[in-house]
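Have a look at the structure below, then the notes.
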Amino acid sequence: MEMPKIYRFISALGIIKMVPAFVYKIYNPILSYLFGINSDEDKKLLKDFIKLTNAKFIKWALSTILKWYNQYTPNEIVHIHGDKDKLFPVRSIKNAFIIKNGGHFMILNKSDEISSKLKEILEN
Numbered sequence: 001m002e003m004p005k006i007y008r009f010i011s012a013l014g015i016i017k018m019v020p021a022f023v024y025k026i027y028n029p030i031l032s033y034l035f036g037i038n039s040d041e042d043k044k045l046l047k048d049f050i051k052l053t054n055a056k057f058i059k060w061a062l063s064t065i066l067k068w069y070n071q072y073t074p075n076e077i078v079h080i081h082g083d084k085d086k087l088f089p090v091r092s093i094k095n096a097f098i099i100k101n102g103g104h105f106m107i108l109n110k111s112d113e114i115s116s117k118l119k120e121i122l123e124n
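In the UniProt record's numbering, the protein residues as written are 1 to 124.
Right under this line is the structure:
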């Protein structure tokens, strides 16, 4: 199972539903830590994302992620994962191509490495 057990516990408690939607629009520095953000540029991008994204959507997305349970993974799936992802730790991930120092935000701050890995995969 790739999802940390604490997420199942949070889902079972219904915490996401209890928190008012507007709370999901508030930036907290711990988010930068959880997303693996180190630069001021990426921190600003995360703040803008939070500011511009509908609070109800954020709440729905979190609730949906916490309830997700995949029992089947097709062989053709390519999983690229960062070794510094704090939201979905790499120790729980199986059969993935690992991006060194990649966090949860790596699609933006490690895009060159991800593109290179995808190109390598597609050429083989």
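Beta carbons are placed, not taken as given, at the ideal position from N, Cα and C, and that holds for glycine.
- Counting other Cβ atoms within 10 Å of its Cβ, L122 stays below 16 and is therefore classed as exposed.
- In the DSSP assignment, G82 is bridged to I99.
- Look at the beta carbons and you see the region 57-64 not touching the region 39-46: under three pairs across the two are nearer than 8 Å.
- In the DSSP assignment, W60 falls within the unbroken alpha helix (DSSP H) covering 55-67.
- In terms of Cβ geometry, H104 and F35 form a close pair [threshold 8 Å].
- In the DSSP annotation of this structure, the continuous segment of the alpha helix (DSSP H) that includes F35 starts and ends at 29-35.
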